[in-house]
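S.K.: Counting the sequence shown from 1 gives a position; the working numbering is that position plus 1.
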Amino acid sequence: MVARLVIAAPSSGSGKTTVATGLMAAFTAAGLAVSPHKVGPDYIDPGYHALATGRPGRNLDAYLCGPDLVAPLFAHGAAGCDLAVVEGVMGMYDGAAGQGELASTAHVAKLLRAPVVLVVDASSQSRSVAALVHGFASWDPQVRVAGVILNKVGSGRHEALLREALDESGVPVLGALRRAPQVEAPSRHLGLVPVAERRGDAVESVAALASRVREGCDLEGLLALARSAPSLSGDEWDPAVACGASFSDPTPSRNRDSAPDRRAGGRPRIAVAGGPAFTFSYAEHAELLTAAGAEVVTFDPLHDEQLPDGTAGLVIGGGFPEVYAPELSANEQLRKAVAELALSGAPVAAECAGLLYLSRELDGKPMCGVLDAKARMSERLTLGYREAVAVSDSVLAATGTRMRGHEFHRTTVEPGAGPAPAWGLHRPERRVEGFVQGNVHASYLHTHWAAEPGVADRFVGRCAAR
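1. Looking at the structure shown, is Leu-178 part of a helix, part of a strand, or coil, going by DSSP?
2. Where DSSP assigns a beta bridge to Thr-22, which residues make up the other side?
3. Using 8 Å as the cut-off, can you tell me whether the stretch 441–448 makes contact with the stretch 340–360, which would need three or more C-beta pairs spanning the two stretches below that distance?
4. Give me the residue from Arg-336, Leu-372, Ala-63, Leu-6 with the minimum Cα distance to Val-20.
5. Would you tell me roughly how many angstroms separate the C-alpha atoms of Thr-448 and Pro-68, rounded to the nearest one?
6. Let's see if you can read the secondary structure: which residues bound the beta strand (DSSP E) around Ala-350?
7. Can you grab the Cα-Cα spacing for the pair Arg-403 / Val-390, in whole Å?
8. Could you check where the alpha helix (DSSP H) with Tyr-49 kicks off and where it finishes?
9. If we count Cβ pairs, one from each stretch, closer than 8 Å, do we get three or more for the stretch 416–424 versus the stretch 208–215?
10. On the CB-based measure, 16 or more other CB atoms within 10 Å of its CB, does Gln-438 come out buried or exposed?
11. Is there contact here, the stretch 47–58 with the stretch 233–242, by at least three beta-carbon pairs under 8 Å?
12. Relative to the C-alpha of Ser-282, which residue among Gly-32, Pro-11, Pro-42, Pro-37 is closest?
13. Quick one: Cα of Cys-369 to Cα of Pro-348, how far?
14. Use the C-beta contact count for Arg-213: other C-beta atoms within 10 angstroms, 16 or more gives buried, fewer gives exposed.
15. Within 10 angstroms of the Cβ of Thr-383, are there 16 or more other Cβ atoms? Answer buried if so, exposed if not.
16. Taking the CB atoms as reference points, tell me whether Thr-233 and Ala-4 lie closer together than 8 Å.
17. What residues in its chain sit with their C-beta under 6 Å from that of Glu-95, if we drop five residues either side in the sequence?
18. Compare the beta carbon distance of Leu-119 and Val-86 with 8 Å and say whether it is the shorter of the two.
19. Starting from Ser-12, follow the alpha helix (DSSP H) in both directions and report where the run begins and ends.
20. Using 8 Å as the Cβ pair cut-off and three pairs as the minimum, do the stretch 269–287 and the stretch 310–327 touch?
21. Measure how close the beta-carbons of Ala-278 and Pro-231 come, nearest whole angstrom, since I'm counting them as under 8 Å.
22. Does the contact criterion of 3 or more C-beta pairs under 8 Å hold for the stretch 157–167 versus the stretch 125–139?
23. With a 10 Å radius around its C-beta and 16 neighbouring C-beta atoms as the bar for buried, classify Glu-88 as buried or exposed.
24. Count the other CB atoms, across all protein chains shown, that sit within 10 Å of the CB of Pro-327; report buried if there are 16 or more and exposed otherwise.
25. Grouping DSSP H, G and I as helix and E and B as strand, with all else coil, what is Val-324?
26. Are the beta-carbon atoms of Val-154 and Leu-133 separated by less than 8 Å?
27. My understanding is that Arg-411 touches Ser-360, with C-beta atoms under 8 Å, so please give their C-beta distance in whole angstroms.
28. Name the DSSP bridge partner or partners of Thr-312?
29. Which residue or residues does DSSP assign as beta-bridge partners of Glu-362?
30. Please report the Cβ distance between Val-316 and Ala-376, rounded to the nearest whole angstrom; I am assuming they are in contact, meaning their Cβ atoms lie under 8 Å.
31. Report buried or exposed for Thr-400, applying the criterion of at least 16 other Cβ atoms within 10 angstroms of its Cβ.
32. Rounded C-beta distance between Gly-78 and Arg-59? I'm assuming under 8 Å.
33. So Arg-405 packs on Tyr-64, CB below 8 Å; how close in whole Å?
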């Protein structure tokens, strides 16, 4: 099993992303094959991880996928690598609201049997750091807090005081990083600005992080700690197995159609939106679509004026169309092509940003007009895990299919649901949401298809049937 570390923190804003990305880049530059992972549903941090390692950033979410899939998905992503670095989420013990440790960094660390390195913002403390680290290390005996990296250290004298205090804690200091705001990634209304929007200076930022980590951290000690992780039992996740070895074989998933063997008609081409406006996607989705028999082709709605030739289905994931509304609107030729494809009956799956793009307008700018709805920016942040049931039969899910999802947006769509809504949300609140219109499924809800691979299989089957 691959060597592994979990990078955690007492709270958000402590510097997990800075340290985790810097470690990934430093170890990669040293010649190791590094597998990058992120706890929780976040899409943005994995983009920086991918830039640092040259490998897809992957999420490990015990809420969306269930605890039993965390280790198999980890093993799938880390296959063939020398080291895996797992960035945590929020504070180490913060998980799904009201559900104990579920989906917390501590929970995932236990599922992976991985040692934890605690990143502490030391900017406003000295001796108190020992009490803080002791509390986190002793709270759950099943979580192995095996090292500390001090972040935002003010001076050499400050570092000496911190190290002296931690000498009594029993948790070794494996690094100390001085304040350096010039290498921090810019933020806006939903967090960090994605890599795809600042590719040039993001490369420089990641290189600077690698340099800081090399200078301030004990890389040999961290690697030795990672190699001390015990073996994990069980098989790695396999998208082909998840979808079924033969496309025509019956499977237990209610979302798999009893369609003809799709190999006879070739592989349906599915266009997946990408580029700076649509950066939110789990790596496993494209893998599942491919394993289910599709040819996956990426296009950029900001710049491409036509859909890929032979497009039989369309997937538009999340991102920031509100930031690029004028440019998306100006690409009238592609908007018309998307509308025509949907009108023709081709399967379309749109998630969050995709929902906005399919609406009639976004902040007054014309969009594709597939849905009779208006979207606009809002002052209110909608954020959190959701439990949902499909309330309309669609190209993604049969009526009654239960899935877990996540909402994360500062926009609103009016109306919030069509005559045939996509989902009925029943936790933490009860409401219907989204649109099922012909072969279009559009919703704010982000879901992870590895939890229900029949979603991908069903979608590809509908594309093949055309």
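Even glycine gets a Cβ: it sits at the ideal position worked out from N, Cα and C. Please read these numbers as outputs of a predicted model, since none were measured by experiment.
M.R.: Taking the structure as given:
1. In the displayed model, Leu-178 falls within a strand according to three-state DSSP.
2. DSSP output for Thr-22 lists no bridge partner at all.
3. Touching, yes.
4. That would be Leu-6, whose Cα lies nearest to the Cα of Val-20.
5. Pro-68 has its alpha-carbon roughly 15 Å from the corresponding atom of Thr-448.
6. Segment 349–352, the beta strand (DSSP E) holding Ala-350.
7. Straight-line measurement puts the Cα of Val-390 at about 4 Å from the Cα of Arg-403.
8. Boundaries of the alpha helix (DSSP H) around Tyr-49: 45–54.
9. At 8 Å Cβ cutoff, the stretches do not touch.
10. Counting Cβ neighbours within 10 Å, Gln-438 comes out buried, since at least 16 surround it.
11. Touching, no.
12. Ranking the options by Cα distance to Ser-282, first place goes to Pro-42.
13. Their Cα atoms are separated by approximately 15 Å.
14. Here Arg-213 is buried. Its C-beta has 16 or more other C-beta atoms within 10 Å.
15. It is exposed - the Cβ of Thr-383 has fewer than 16 other Cβ atoms within 10 Å.
16. Here residue 233 is Leu; the residue named in the question, Thr, does not match the sequence. Not closer than 8 Å, so no.
17. This sequence places Asp at residue 95; Glu is not what is there. So the list reads Ser-105, once near-sequence residues are dropped.
18. Contact: no.
19. Neither: Ser-12 is in no alpha helix (DSSP H) and is coded neither H nor E.
20. The way I'd put it, the stretch 269–287 does touch the stretch 310–327; three or more beta-carbon pairs between them come closer than 8 Å.
21. The Cβ separation is near 43 Å, so there is no contact.
22. With the cut-off at 8 Å, the stretch 157–167 and the stretch 125–139 touch.
23. A buried status is given to Glu-88, since no fewer than 16 other beta-carbon atoms sit within 10 Å of its beta-carbon.
24. Its Cβ having fewer than 16 others within 10 Å, Pro-327 is exposed.
25. Three-state result, Val-324: coil.
26. Not closer than 8 Å, so no.
27. Taking a contact as a CB-CB distance under 8 Å, the pair Arg-411 and Ser-360 does not count as one, their CB atoms being some 15 Å apart.
28. Under the DSSP definition of a beta bridge, Thr-312 partners with Arg-270.
29. DSSP, once it has assigned bridges, lists Pro-367, Lys-375 as partnering Glu-362.
30. Contact between Val-316 and Ala-376 fails: their C-beta atoms lie close to 19 Å from each other, not under 8 Å.
31. With fewer than 16 Cβ atoms within 10 Å of its Cβ, Thr-400 is classed as exposed.
32. About 4 Å separates the Cβ atoms of Gly-78 and Arg-59, confirming a contact at the 8 Å cut-off.
33. Right, their Cβ atoms sit about 6 Å apart.
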